[in-house]
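Down below is the structure, laid out as structure tokens.
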Amino acid sequence: MSEFSASSAEPADESTSAHAIQAKWQKYWAENETFLTGGEDDRRPRKFVLAMFPYPSGDLHMGHAENYLYSDIVARFWRHRGHNVLNPIGWDSFGLPAENAAIRRGADPREWTYQNIEQQKTGFKAYGVSFDWTRELHTSDPEYYHWNQWLFLQLHERGLAYRKKSPVNWCPNDQTVLANEQVVDGRCERCGAEVVKKKLTQWYFRITDYADRLLDDLNQLEGRWPHKVLQMQRNWIGRSIGADVDFRIEGRDEPVTVFTTRPDTLHGATFFVVAPDSDLAAEIAADAPAEVQAAFGEYLATVQKTTDIDRQSTDRPKTGVFLERYAVNPVSGERLPIWAADYVLADYGHGAVMAVPAHDQRDLDFARAFDLPVKVVVDTTAPVTGVIPVIDVDEDGVPIEPVEALDAQHPASTGIALSGEGRMINSGDLNGLSKRNAIARAIEQLTAAGTGRAAKNYRLRDWLISRQRFWGTPIPMLHHDDGTVTPVPVEQLPVTLPGAAGLDLSPKGSSPLGAAESWVRTVDPVSGEPVLRDPDTMDTFVDSSWYFLRFLSPNSDQFAFDPAEAARWAPVDTYIGGVEHAILHLLYARFITKVLFDMGLIDFTEPFSSLINQGMVILNGAKMSKSKGNLVLFQEELDKYGADALRTGLAFAGPVEDDKDWADVSTTGAQKFLSRALRLSHEVASPVDVVFKDGDAALRRGTHRLLADAPGLVEQTKFNVLVARLMELVNLTRKTVDTGAGAGDPAVREAVETVAVMLDLIAPHTAEEMWEALGHEPSVGLVTWRQADPALLVEDTITAVAQVNGKVRAQLEVSAKITADELEALARSDERVIRAIGDKEIVKVIVRAPKLVNFAVKG
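Residue numbers (UniProt numbering): 1 to 859.
Set out below in structure tokens:
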């Protein structure tokens with residue numbers, strides 16, 4: 001690949017010229033609304049390009065610079081390909097950072113938020129991003145969150161929004177609940193505080209009703225979303241197939257249902273485990289002796305300080321409390337001691353498990369810790385294919401266990417659970433069956449006996465949307481004295497936030513809105529009775545779950561979005577953003593999309609047709625952060641080098657999905673490359689209307705190879721390769737001007753015009769200046785890319801690379817039909833190669849005719 005290189009003929013101060021060009025063309029774009037999306041009468045094919053919208057936390061940073069560069073490249077590309085492009089921008093402007101900043105400053109979070117929005121908006125315009133600014137939105141505007149509330153009411157009407165009391169993730173620092181997805185390694189993703197469990201009554205969205213569709217529809221996205229993201233979504237939903245089994249608890253009328261993926265191992269259950277923070281555990285412990293109640297209470301207090309992630313860790317010592325009660329195995333009638341243990345979670349399955357220690361490692365670890373029995377029911381030494389082995393029976397017809405083969409690997413002594421395939425033993429009618437057949441037979445038997453049934457279970461939990469903070473969308477529900485909760489009528493939306501003046505916004509475990517007496521106390525519009533507004537606000541992931549649709553009707557007060565516009569534009573064709581949102585945001589957007597589809601408002605079930613994940617911009621191998629003092633400030637780099645050099649340096653730095661180390665980003669080199677390209681546009685001497693059919697043959701072939709290859713490079717997001725190819729064409733053009741036919745050659749104009757049009761993707765200000773210097777009317781951003789001439793793609797000669805130990809030493813113009821032997825001989829005779837080899841020994845020669853020959857040498 002090419003590298004940036006300096007030229008002694010470059011002007012002394014590229015940055016001054018770059019900033020003047022930048023200001024000139026930004027003014028032109030604004031005055032002429034160059035990037036305005038075409039209306040209904042625009043018959044061009046449509047493309048919806050969207051970058052994940054930013055949080056207004058201050059000035060733009062290098063992550064923004066990278067993300068919005070890539071989305072702008074894609075948007076500009078489709079305009080050049082003759083499409084009507086929608087490339088909008090907005091701000092995800094509700095949330096904790098604004099509220100916490102306001103608390104520190106004693107200010108209204110509105111002030112901090114909208115000041116930051118203006119600062120970021122200025123940065124985006126200076127960066128030359130081709131947004132349609134007429135569609136700008138802020139999720140903290142009542143005009144936007146009105147429709148969050150409308151969406152909530154639609155889900156509530158369909159039974160998809162509900163309240164329940166349950167253990168939630170609680171951030172003691174921010175004093176608010178967190179969804180599972182907002183807990184990273186046991187800590188709050190926002191502030192880093194250790195998360196604990198707390199029981200609260202909260203609002204949920206019933207996303208689990210869509211679990212199968214969310215999982216199965218990922219197949220639609222294969223090849224269009226990164227495989228890693230698809231796998232993360234599948235793992236998070238976590239569908240398991242098995243059975244619900246009803247266990248009777250001695251002294252309790254209602255049975256307890258347990259989900260298991262291995263109903264075939266029921267005969268191997270030797271104890272029963274309940275989550276200590278579940279209602280079932282509390283109920284059972286309440287009837288236990290006083291000393292057991294005391295031990296359980298102490299244990300529960302400890303468990304509530306432990307995160308779910310830690311509780312699920314396989315390398316933690318197993319702990320628990322025997323509750324002195326028993327469950328009854330529905331297939332064997334055996335009494336199973338009931339334990340409360342923290343490795344079972346309250347919200348997994350039904351908060352209880354049958355423990356089969358011989359065949360589950362966590363159960364085995366617990367059994368060994370508390371000296372509980374271990375019963376093998378799967379002989380993993382038996383073959384599972386071919387003829388079913390004959391099972392010996394005693395004189396009463398009872399199967400005799402093949403104990404000799406198992407003795408050496410019995411889990412009770414080895415400490416290793418038998419998790420492999422095998423044949424059933426010690427399992428009554430299931431003996432001799434393989435795992436698959438035994439599972440099917442066990443479910444049949446449970447169903448016939450009325451003690452179980454086939455079932456599915458999911459890792460996915462319903463979406464917890466309540467937040468005990470001020471700066472968010474108020475939940476549009478009314479609380480009555482009798483405990484009933486009713487919705488605010490749709491015609492009374494939006495329920496707007498009160499002013500923050502006089503409110504204590506500091507986190508205290510309940511929403512600050514509850515203290516806004518004049519706001520929280522209101523009248524039920526139906527009954528006229530006094531009621532209380534719900535004091536909680538919505539999770540900001542609600543805002544971002546449907547915002548892409550609001551861009552279609554950003555100013556409407558009649559609907560969240562116009563279904564006719566959605567039919568024209570949606571789903572999003574290309575969505576660009578960080579992989580950190582692979583679960584948090586994308587899953588929720590997919591869920592809401594499916595709900596809106598079921599409501600008949602849209603005709604698609606997936607919101608983003610293709611997804612691009614960019615890497616991070618780091619510095620010297622480390623993530624940038626204020627605390628580390630290793631921030632590279634966007635505005636400083638913009639002021640120093642100009643937008644185009646910054647954009648070009650980032651685009652050239654490496655593949656989109658890779659992390660980019662700022663230490664390796666050459667903005668100075670980019671600046672010099674752009675100056676060389678711009679100078680060529682001023683030197684072109686052929687007339688504007690020259691016919692491109694004559695001129696330097698090598699340059700014309702180089703131009704048309706790029707015309708042929710560039711669309712594929714963009715669609716494959718190989719933006720760094722596109723920059724390299726543009727550099728090669730600039731160098732080839734300079735060579736033609738200086739040593740060939742000169743600046744008047746039509747091939748030179750053809751090449752420079754091609755560079756200008758394609759460079760618009762990367763460095764739009766420079767491209768506009770080149771286009772004007774070439775005698776054309778602006779804007780180059782709207783010029784359709786020319787097609788390559790197939791006749792010029794047939795290569796008579798090609799540039800072969802000669803390397804020594806992988807380092808390029810010479811470039812050789814050779815016949816496209818040259819043989820390997822001929823290419824090697826030519827390379828061996830080249831003076832540059834001879835000097836590089838010197839007196840070293842050639843140990844290997846690799847020839848890839850007609851493009852490469854490499855000499856491996858030593859000595």
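Glycine included, C-beta positions come from ideal geometry on N, C-alpha and C.
Here the structure is a predicted model, which means the values were calculated and not measured.
Just list the residues that DSSP pairs G38 with in beta bridges. Answer is none; G38 lacks a bridge partner.
Kindly provide the ranges of any alpha helix (DSSP H) runs that are 4 or more residues long and lie completely inside the region 61-139, ordered along the chain. 62-80, 96-105, 109-127
Is DSSP giving T522 helix, strand or coil here? strand
Count the other CB atoms within 10 Å of the CB of A317; is the residue buried (16 or more) or exposed (fewer)? At residue 317 the sequence reads Pro, which differs from the Ala that was named. Label assigned to P317: exposed.
Going by C-alpha distance, which of I73, R81, A102 is nearest R469? A102
By alpha-carbon positions, which one of R44, P512, N630, A582 ends up nearest to Q614? A582
In chain order, what residues of the same chain lie with their CB nearer than 6 Å to the CB of A820, ignoring the 5 residues before and after it? Contacts found: V847, A849.
Below 8 Å, can you find three or more Cβ-Cβ pairs linking the region 702-722 to the region 70-78? yes
The alpha helix (DSSP H) that contains R647, what's its start and end? Run containing R647: 643-652, per the alpha helix (DSSP H) assignment.
Alpha-carbon to alpha-carbon, I592 and I602: About 11 Å.
Exposure label - I89; buried when at least 16 CB within 10 Å: buried
Assuming the contact rule is C-beta atoms closer than 8 Å, V665 and G649 should be a hit. Round their C-beta distance to whole Å, please. 5 Å
Under 8 Å, do residue 860 and F48 count as touching if we go by C-beta distance? Limits of the chain in this structure are 1 at one end and 859 at the other, which puts residue 860 out of reach.
For D287, I'd like the list of residues in its chain whose CB is within less than 8 Å of its CB, leaving aside the five on either flank, ordered along the chain. G251, R325
Which residues in the same chain have their Cβ closer than 8 Å to the Cβ of G695, if we skip the five residues on either side of it in sequence? A741, D745, P746, A747, V748, E750
Excluding sequence positions up to five away, which residues of its chain have a Cβ less than 7 Å from the Cβ of K125? Q26
Would you report the Cα separation of K199 and A622, rounded to the nearest angstrom? 39 Å
Cβ shell of V229 (< 6 Å), same chain only, five flanking positions each side left out: A582
Which of the three DSSP states, helix, strand or coil, is assigned to E250? coil
Within the same chain, show all residues whose beta-carbon is closer than 8 Å to that of F131, passing over the 5 residues directly before and after it, in chain order. F35, N87, P88, I89, F124
Got a sec, what are the start and stop residues for the beta strand (DSSP E) R325 sits in? 320-328
According to the neighbour-count rule (16 or more other Cβ atoms, all chains shown, within 10 Å of its Cβ), is S527 buried or exposed? exposed
Leaving out the 5 sequence neighbours to the left and right, which residues in its chain are closer than 7 Å to E99 when beta-carbon positions are compared? P109, R469, F470, W471, L505
Could you give the C-beta distance for F205 and D543, rounded to a whole number, given that I count them as a contact under 8 Å? Rounded, the Cβ-Cβ distance is 13 Å, inconsistent with contact.
Every unbroken alpha helix (DSSP H) within the region 176-264, with a cutoff of 4 residues, ordered by chain: Taking only runs of at least 4 residues, the alpha helix (DSSP H) segments lying wholly in the region 176-264 are 211-216, 227-237.
Cα-Cα, which of T134, D72, N169 is closest to C188? N169
Take every Cβ of the region 203-219, pair it with every Cβ of the region 158-177, and state whether three or more of those distances are shorter than 8 Å. yes
Within the region 744-827, ranges of the beta strand (DSSP E) (whole runs, at least 3 residues): Taken in chain order, the whole beta strand (DSSP E) runs of length 3 or more contained in the region 744-827 are 797-804, 807-815.
With a threshold of 8 Å on Cβ separation, who are the neighbours of V845 within its own chain once the five nearest residues in sequence on each side are excluded? E824, V853, N854, F855, A856
I need the straight-line Cα distance from L699 to R734, nearest angstrom please. 10 Å
Please state whether DSSP places Q492 in a helix, a strand or coil. helix
Could you name the residues of the same chain whose beta carbon sits closer than 6 Å to that of A405, not counting the 5 residues immediately before and after it, in chain order? Unreliable positioning characterises A405 in this predicted model, as indicated by a pLDDT of 47, which lies under 50. The coordinate reading is nonetheless provided below. Only T381 meet the Cβ criterion.
Which one or two residues does DSSP pair with Y458 in a beta bridge? R239
Is it right to say D839 is buried, meaning 16 or more other beta carbons lie within 10 angstroms of its own, or is it exposed? By the 10 Å Cβ count, D839 comes out exposed.
Do L549 and L214 have their C-beta atoms within less than 8 Å of each other? no
Stretch pair the region 451-458 + the region 412-419: three plus CB contacts closer than 8 Å: no
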